[in-house]
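Position in the sequence shown (from 1) plus 512 gives the number in this note's numbering.
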Amino acid sequence: MVTLTPSPVVDRVYFFEDLVPGTVNRALTVEQYLGGNGINVARTLRLAGNLTRAVAPVSAKDPSGLELMRREGELIRTVLVSPPTRINTVLVSSDGSTTNANQKPGLLPEAEWRSVCEATLDELRTLDADWLVVAGALPMTTDGNPVDLRWLLAQVQQLGVKVCLDVNGADLGRWATSGLVDLVKPNLPELESVAGRQLSTLGDVVAAARELVDAGVGTVLASMGADGLIGVCPNGVRWARVPTAPVINTTGAGDAALAGFLSEGSTITCGNGGSPWTIAFSAALARSAAWGALAVACSTTLLQSLNGTPDVTVQEPDATFRLNHY
């Protein structure tokens, strides 16, 4: 499996006993590491024993970013680019609340974006990968337009590799209906952005996900925080959640959940229905929910172990269930 993080970051994470907005707060500890959704997914997959490579562009003028990449060893394929590496600030309180200040991606010359795409294709061939995960913020080119994924996704399709897209709502809406994407993983606000309406119940979430499936996406894995995950594909829908899960830190939970689904379901397709499909799809969703729960219960923002996964319930969704978000 190969992941692409189009605009990675250096995450600076501050942990507080009690964080009071508008006042001076003293952090108990501070961590710094290379981040970005695709990198986080790759780390978790590696933790599970999956053969994984993360492609990430990093500024050639950023010694700290290059050093953080070097520490990751063979996990990361570095592509040198000219824009400075982003810095994100994450504030984590002991009650589990998390505040993120994310820097906007820099402008990337089209020639450098093409180099990133070619490095990604090279890794797919080298690993004989079955999935490409494009995850995280998409940068703009120097002419002010979003980077164009079409050439890359078309090349990936020709290789027979499946594509997972985990990007923000605007970019998700643009590419999810391109006919080049097999799996998308929106969170609730991103799915609402694509649907153009508020989603208050499980039935609303399922309906919005089905619209994406009807538009050509193979599978929608929608994360809903404490309400779990909904998996929708042409042959059915399942709802997975952990009945009780302690929340210490929510950063990276969605990435862990996506890694869980792909680790269990890297060869899963919806098939033509029936019991084998139901069992396989439910198992992938169960691992997705379990790994997400492990992530929010972790005191750091990087999963250190996949031991002690909680119990998960997987069932057909209750369309009338009202989401805790509302």
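Just so it is clear, CB atoms sit at the ideal spot from N, CA and C, and this is done for glycine as well. Fair warning: this is a prediction, and the values are worked out from it, not measured in the lab.
When burial is assigned at 16 or more other CB atoms within 10 Å of the CB, is residue i buried or exposed?
{"i": "Leu592", "result": "exposed"}
{"i": "Asn836", "result": "exposed"}
{"i": "Ile791", "result": "exposed"}
{"i": "Ser800", "result": "buried"}
{"i": "Asn784", "result": "For Asn784, the predicted structure reports a pLDDT of 47, less than 50, and the residue's modelled location is therefore unreliable. The matter cannot be settled from this model."}
{"i": "Pro875", "result": "The displayed coordinates of the chain run from 513 to 838. Any statement about residue 875 would go beyond what the structure contains."}
{"i": "Asn612", "result": "exposed"}
{"i": "Asn549", "result": "buried"}
{"i": "Gly547", "result": "buried"}
{"i": "Asp739", "result": "buried"}
What residue range is occupied by the uninterrupted beta strand (DSSP E) comprising residue i?
{"i": "Val593", "result": "Ile588 to Val593"}
{"i": "Leu741", "result": "Leu741 to Cys745"}
{"i": "Val659", "result": "Val659 -> no beta strand (DSSP E), and no H or E assigned at all."}
{"i": "Thr601", "result": "Arg598 to Ser605"}
{"i": "Thr515", "result": "Val514 to Leu516"}
{"i": "Thr825", "result": "Thr825 to Gln827"}
{"i": "Val646", "result": "Trp643 to Ala647"}
By the three-class DSSP mapping on this structure, what secondary structure does residue i have?
{"i": "Gly547", "result": "strand"}
{"i": "Ala752", "result": "strand"}
{"i": "Cys676", "result": "strand"}
{"i": "Thr564", "result": "coil"}
{"i": "Asn819", "result": "coil"}
{"i": "Val525", "result": "strand"}
{"i": "Ser900", "result": "This structure leaves residue 900 out entirely; the chain is present only between 513 and 838."}
{"i": "Gln669", "result": "helix"}
{"i": "Thr763", "result": "coil"}
{"i": "Leu736", "result": "Strictly speaking, residue 736 in this sequence is Met, with Leu absent from that position. In the structure shown, Met736 sits in coil (DSSP, three-state: anything other than H, G, I, E or B)."}
{"i": "Asn612", "result": "strand"}
{"i": "Arg496", "result": "Since the displayed the chain opens at 513 and closes at 838, residue 496 lies outside it and no answer follows."}
{"i": "Leu639", "result": "helix"}
Report the option in the options whose CA atom is closest to the CA atom of residue i.
{"i": "Leu671", "options": "Leu677, Asp678 and Trp663", "result": "Trp663"}
{"i": "Pro658", "options": "Ala631, Val668 and Trp687", "result": "Trp687"}
{"i": "Asn562", "options": "Ala771, Val808, Phe833 and Leu797", "result": "Ala771"}
{"i": "Thr832", "options": "Asp640, Asp716 and Val570", "result": "Asp716"}
{"i": "Leu815", "options": "Gly766, Thr515 and Ala566", "result": "Gly766"}
{"i": "Asp530", "options": "Leu516, Arg558, Ser609 and Glu584", "result": "Ser609"}
{"i": "Val808", "options": "Leu797, Ala641 and Thr821", "result": "Thr821"}
{"i": "Arg583", "options": "Pro595, Arg555 and Lys573", "result": "Arg555"}
{"i": "Thr689", "options": "Leu661, Cys629 and Ala796", "result": "Leu661"}
{"i": "Val559", "options": "Val567, Met581, Ser775 and Ile760", "result": "The sequence shown places Leu at residue 559, rather than the Val named in the question. Nearest of Val567, Met581, Ser775 and Ile760 to Leu559, Cα basis: Ser775."}
What residue does the alpha helix (DSSP H) around residue i start on, and which one ends it?
{"i": "Ala682", "result": "Gly681 to Trp687"}
{"i": "Pro701", "result": "Leu700 to Ala707"}
{"i": "Val717", "result": "Leu714 to Asp726"}
Taking 8 Å as the cut-off, decide whether the C-beta atoms of residue i and residue j are in contact.
{"i": "Val645", "j": "Val521", "result": "no"}
{"i": "Glu586", "j": "Thr812", "result": "no"}
{"i": "Ala852", "j": "Pro698", "result": "Absent from the model: residue 852. The displayed extent of the chain is 513 to 838, so no value can be given."}
{"i": "Arg753", "j": "Val824", "result": "yes"}
{"i": "Arg565", "j": "Leu633", "result": "no"}
{"i": "Thr541", "j": "Ser571", "result": "no"}
{"i": "Met513", "j": "Leu557", "result": "yes"}
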